[in-house]
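For the sequence shown, position 234 (counting from the first letter as 1) is numbered 244 according to my numbering, and the numbering increases by one without interruption. Each remark here refers to the structure printed beneath this line.
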Amino acid sequence: MMIKYPIHKVAKDFKKGSKELQSKEVMDILTQYGHPPKNHMQPLTEQELSLVFEYLTQHNQVDSIQSIYEDVYHEPAAKAEAPKAAQSKPAQQGKPAGQPKPAQQQNNKGGNAQARPQQGQQAPKAQPQQSQQTVSQPSSRVPTKKVVDTRGGGAVNLDKYDERLESFTDQRQQDRGGKEKFQNRNAQRQRGRQQGPGNKRKQEEQDRLRRLQLEIAKKAPLKVMIPDEIGVGELASRMKKTGAEVVKTLMKMGVMASLSEIIDYDTAALVAMELGCKVEKEVVVTIEEKLIDTTEDKEEDLIPRAPVVVVMGHVDHGKTSLLDYIRHANVVSGEAGGITQHIGAYQVDVNGSPVTFLDTPGHEAFTAMRARGAMVTDVAILVVAADDGIMPQTVESINHAKAAEIPVIVAINKMDKPTANPERIKQQLTEYSLVPEEWGGDTIICPISAKTGEGIDNLLDMVVLTAEMRELKANPNRSAHGAVIEARLDKGRGPVATLLVQNGTLHQGDVIIAGTAVGRVRAMTNDKGQKVTEAGPSVPVEIIGMSEVPEAGDDFHAVADERMARELAEQRKAEQKSSMNSNVGKVTLEDLFSQIQAGEMKNLNIIVKADVQGSAEAVKSSLEKISNEEVRVRVIHCAVGAINESDVMLASTSGAIIVGFNVRPDANAKDSAARMKVDMRMYRVIYDAINEIEAAMKGMLAPKFKEVDLGRAEVRNVFRITGVGMVAGCYVLDGKMQRNAQMRLLRDNIVIYDGAIASLQRFKDSVKEVAAGYECGITFEKFQDIKEGDIIEAFVMEQIEV
Ligand SMILES: Nc1nc2c(ncn2[C@@H]2O[C@H](COP(=O)(O)OP(=O)(O)OP(=O)(O)O)[C@@H](O)[C@H]2O)c(=O)[nH]1
């Protein structure tokens with residue numbers, strides 16, 4: 011920017027005392043440095059002015075800065091005498107504004123006025139009126155500061171004063187605290203008012219920033235709350251660090267994680283500590299945790315409780331007879347009138363020790379309970395008919411008990427029958443690793459007769475003994491917790507549920523939550539049909555008062571807050587809904603490899619069902635052989651017969667895959683498998699089964715085809731037609747029969763034939779397809795052994811998009 015400052019003015023301004031700076035001198039300087047001016051009226055540019063100043067400064071150097079100090083301090087005596095003279099001088103000089111120098115000189119005068127004439131030669135550069143006046147600009151600053159001291163005129167050591175003053179103010183500042191702050195603020199405000207609104211805001215902003223920084227510094231180290239799992243990005247923001255810093259720290263620890271990745275508490279805590287933060291674990295309290303008391307009981311609060319026993323076994327081997335016998339035989343006199351009650355569980359007295367029996371049809375409830383982790387049974391009695399031996403359901407029961415890890419007591423029933431052969435049964439049991447005690451094993455075997463009652467006392471003694479060994483204990487002095495054994499909707503009474511208290515005591519009037527059902531216990535009835543007001547550990551009771559029917563196997567808890575319980579029930583309902591479509595925890599051959607890779611899979615559980623025992627065993631041993639370092643293939647259940655609902659339930663609770671060899675699932679099993687998302691694989695060639703599972707374990711499974719069912723037809727008549735062979739006269743039950751489809755002939759759900767269809771006819775006409783509700787004639791290629799009652803399944807293989 012051009013400033014209007016002509017050469018002659020510059021020269022004039024530098025005019026001091028007798029010596030005068032000529033315009034020509036200024037012009038010479040400029041010419042010398044390549045800026046020849048046209049005339050003395052030419053205004054100087056900023057650069058040119060700087061050049062002149064620079065030149066004059068360079069050529070009018072003082073010898074030493076000391077001389078200026080001397081200049082000031084050596085004549086304090088004169089200072090007091092000539093203040094007025096000093097003051098008058100600047101007025102006379104009348105230096106133009108914009109020149110900093112004259113103003114400084116004004117101050118100077120206080121101490122220098124008289125000294126100047128004497129020191130004129132000594133320090134000419136300090137004299138602004140001389141030609142070298144510009145030099146005084148830097149040197150004049152020092153004396154200027156000193157002149158401010160008007161604290162005394164004598165030879166006072168001002169330095170000493172300064173020191174004292176500084177220490178004094180320091181002390182005062184410390185002592186004053188808030189008052190000072192207040193005053194400072196006032197002072198600032200005043201200053202701000204003088205300075206104008208813009209400056210004021212700026213000042214306040216700066217103050218606030220300073221205060222903030224101070225606070226942050228005070229707060230260090232930063233405390234971070236870390237939950238069980240946290241995203242790297244979230245951790246960074248909680249620590250007020252950048253994501254890059256956290257990722258870098260993780261890398262140093264050997265953890266490669268991006269910002270979006272989730273890390274566990276331990277890793278996160280290490281990172282936080284590494285970055286200088288104080289770590290605290292964030293505990294997320296769910297409604298469930300708030301509502302349900304899960305504190306561990308103290309040893310001194312525990313008292314022995316009755317064992318809970320389940321009776322299992324094959325159909326018609328005598329489960330019901332045994333349970334009935336025990337119930338009748340052990341009813342304490344006087345209670346006989348109330349026996350009629352059947353609530354799904356009852357308690358009997360065995361020589362002074364109470365024993366609770368679960369009396370539920372089949373063992374579905376048992377599996378369902380295990381599925382929900384509500385382990386209610388302590389001992390299993392396996393009933394095997396002495397005249398029949400180990401049957402498919404016996405094996406199933408053994409496997410269920412094994413999966414639940416409960417001790418099994420074998421009751422060899424029907425010992426009264428002449429055909430009873432207990433030795434054969436003992437022999438068979440060893441095949442399922444149940445070795446009798448007399449043979450050196452640890453399985454208790456009790457020969458009994460549910461008809462005559464023979465051996466039942468001994469069986470009960472054994473149950474009590476086994477239970478005693480388990481030292482079953484509970485604390486009756488806390489809110490009740492247990493399992494729902496049975497539940498139904500009663501027309502008159504509303505939802506009715508049989509609960510087995512496992513710990514604590516259930517009282518009439520308690521609020522309970524069971525699964526998604528909430529309610530208040532309005533009335534309680536025990537297994538003898540008597541009204542009770544409380545039920546302790548291992549006691550089964552039937553209750554009314556629930557808002558809806560809970561599910562058998564659900565956990566129940568007595569809680570203090572009904573409103574919160576309802577909230578929890580709602581939450582559970584929502585969770586149930588969302589998990590309906592997900593198959594968490596379920597295994598399919600397709601995702602087997604990814605589960606192995608993720609380290610989630612150590613054991614691949616398989617349930618084998620086959621048409622004959624020989625092939626079941628062969629499939630089992632072949633499959634177990636394909637275990638590798640990462641995964642062990644475990645056949646948890648191997649049996650003969652169609653795949654039933656119980657198999658599907660076992661598969662669902664154990665995360666198993668069902669392998670069917672020459673068998674098919676029955677209708678219920680099919681539905682359950684679809685609902686529970688259990689993977690069922692059917693094979694007709696043993697090598698196919700092995701190859702497919704092996705391929706799945708290696709991640710090379712090519713699930714290219716899937717079977718699509720078309721329909722089912724029942725064989726109602728079989729004709730022989732010469733030249734054609736056997737013709738199946740069928741009725742299409744559902745779906746349709748299609749000529750180009752694959753057919754499978756089932757007899758009791760066992761696959762008899764699998765192959766292509768030779769002809770499909772309606773009366774005498776060959777047709778493409780026959781719909782449900784119509785009759786048709788079917789012949790197979792190379793298969794004649796068709797029988798009435800056989801089922802024909804039609805299906806096509808469809809390619810799956812991988
Ligand atoms: N001789 C003899 N018959 C028995 C004995 N125990 C049971 N039975 C008979 O065997 C049949 C089946 O008995 P249940 O008690 O119904 O057998 P279950 O195992 O409960 O049968 P499901 O309920 O169908 O699973 C009945 O006819 C009983 O009378 C026994 O110890 N001796």
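Glycine included, C-beta positions come from ideal geometry on N, C-alpha and C. Quantities reported herein were computed from a predicted structural model and do not represent experimental measurements.
DSSP places Ala395 in the uninterrupted beta strand (DSSP E) bounded by 389 to 395.
The segment 240 to 300 is shown to contain whole alpha helix (DSSP H) runs of 4 or more residues at 242 to 248, 253 to 262, 275 to 284, in chain order.
With a cutoff of 7 Å, His647 does not count as near ligand 1, since its C-beta is closer than that to no heavy atom of the ligand. Using a cutoff of 7 Å, the CB of His410 does not count as near ligand 1, since none of the ligand's heavy atoms is closer than that. DSSP lists no bridge partner for His18.
Secondary structure within the segment 388 to 458: the beta strand (DSSP E) runs of 3 or more consecutive residues, fully enclosed, are 389 to 395, 418 to 423, 454 to 457 (chain order).
Where His491 is concerned, the enclosing beta strand (DSSP E) starts and stops at 491 to 500. With a beta-carbon spacing of about 11 Å, Arg532 and Val521 fall beyond the 8 Å limit used to define contacts.
In terms of Cβ geometry, Ala545 and Met534 form a close pair [threshold 8 Å]. Nearest to Leu599 by alpha-carbon distance, out of Asp303, Lys708, Leu332, Ala390, is Lys708. Under the three-state reduction of DSSP, Ile236 is assigned to strand.
Under the three-state reduction of DSSP output, Arg749 falls in the coil class, being neither helix nor strand.
Taken from the Cβ of Thr330, at least one heavy atom of ligand 1 lies inside 7 Å.
By the Cβ rule, the segment 281 to 300 counts as touching the segment 233 to 245, because three or more pairs are nearer than 8 Å. The continuous stretches of alpha helix (DSSP H) do not include Ser637, and DSSP gives it neither H nor E. In chain order, Val289 place their CB closer than 8 Å to the CB of Met283, counting only its own chain and leaving out the 5 sequence neighbours on each side. Val393 and Ile408 have their C-alpha atoms roughly 10 Å apart.
In the DSSP assignment, Ser662 falls within the alpha helix (DSSP H) that extends over 655 to 664. Annotation: the continuous alpha helix (DSSP H) that includes Met686 extends over 677 to 686. Contact between Asn513 and Asp311 does not hold, since their C-beta atoms are separated by about 10 Å, which reaches or exceeds 8 Å.
Annotation for Val242 indicates a beta carbon at 7 Å or more from all heavy atoms of ligand 1. In this model, Lys612 and Val645 are separated by some 14 Å (Cα to Cα). Exclusion of the five residues before and after Ile272 leaves Glu239, Gly241 as the residues of its chain whose Cβ lies within less than 6 Å of its Cβ. DSSP, read as helix, strand or coil, puts Leu720 in strand. Minimum Cα-Cα distance from Leu614 among the listed residues Ser631, Ser637, Ser604 corresponds to Ser637. Checking the DSSP bridge columns, you'll see Pro486 has no partner listed. Ligand 1 has no heavy atom closer than 7 Å to the beta-carbon of Ser407. Here Asn361 is exposed. Its C-beta has fewer than 16 other C-beta atoms within 10 Å. Beta-carbon to beta-carbon, Val569 and Ala575 are separated by about 5 Å, close enough to satisfy the 8 Å threshold. For Gly502, the closest alpha carbon among the candidates Ile554, Asn485, Lys461 is that of Ile554. A distance criterion of 7 Å places the beta-carbon of Gly651 beyond contact range of ligand 1, judged by its closest non-hydrogen atom.
By the neighbour-count definition (other C-beta atoms within 10 Å, threshold 16), Phe729 is an exposed residue. Not one heavy atom of ligand 1 lies closer than 7 Å to the C-beta of Asp467. Counting of Cβ neighbours within 10 angstroms places Pro317 among the buried residues, the total reaching 16 or more.
Nearest in C-alpha terms to Ala652, of all of Ile731, Asn759, Ala723, is Asn759. For Ala460, there is no enclosing alpha helix (DSSP H), as DSSP marks it with neither H nor E.
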